[in-house]
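Everything in the sequence shown is counted per this note's numbering, starting at 1218 for the first residue and increasing by one.
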Amino acid sequence: MRVSRRLLVASLVAALTVIVLLTVGKSAVTIPGLWQASVQHTRTFRWVPFGDFFRYSHPLIPLYYLLGNVALFVPLGYVLRHRLTLRTTVAAGALTSALVEASQFIFALGYTDLNDILNNTLGTALGAAAFHLFGPRRWAHAMILASPLAVLSLYALFSLVDV
């Protein structure tokens, strides 16, 4: 079963929109307990993978960042895998993540973190693996299309939790 080009484009736009909103858009939005917009205007690069994993005040915050960064790029991997090889898909995800992190650094829009690139790349690979497992079935594609909304919902839910 082939997925229409229009649905692929809509899925790609949705995935990239959520990626941009939750990465370079962090400096415009505060989510209580997760991040403050006022401290996102920084030019900091965290080079050590998982070096700050245990520095948070609540034990769920690092797990939330890890899972959030992975989940954020799953839709991108799934959509790109429709047209690209696995290697090219993962490389495109890593490049997209690196561009986001570079934008955050250049424009002082948030913390630039090697963890984010690693986790985003893992998310892209998992999305590509999901495509391999499920193929272009409509229900699977609908789930992937809906996942950016799920990520946004998780961020909204987290803002309601006092950590």
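Note that CB positions come from ideal geometry on N, CA and C, so glycine has one too.
- Rounded to whole angstroms, the gap between the alpha carbons of Pro1353 and Gly1344 is 12 angstroms.
- Rounded to the nearest whole angstrom, the CA to CA distance from Val1226 to Pro1292 is 12 angstroms.
- In this structure, the alpha-carbon of Gly1327 lies about 15 angstroms from that of Asp1269.
- For the beta strand (DSSP E) assignment, the region 1234-1298 encloses no uninterrupted run of at least 3 residues.
- If the five residues before and after Ala1232 are omitted, its C-beta is found closer than 7 angstroms to the C-beta atoms of Pro1292, Leu1293, Val1296 and Pro1365, all from its own chain and listed in chain order.
- Closest option to Leu1331, judged by alpha-carbon separation, among Leu1316, Ala1288 and Val1256: Leu1316.
- Here Thr1341 carries a helix assignment [DSSP, helix/strand/coil].
- Beta bridge pairing from DSSP links Thr1329 with Phe1262.
- In this structure, the CA atom of Phe1351 is about 27 angstroms from the CA atom of Leu1239.
- Contact check for Ala1319 against Thr1259 fails: the beta carbons are separated by 7 angstroms or more.
- With respect to Ala1311, Thr1338 sits close: the two C-beta atoms are nearer than 7 angstroms.
- Selection Val1287, Ala1245, Ser1228 and Leu1224 evaluated against Thr1341 yields Val1287 as nearest (Cα-Cα).
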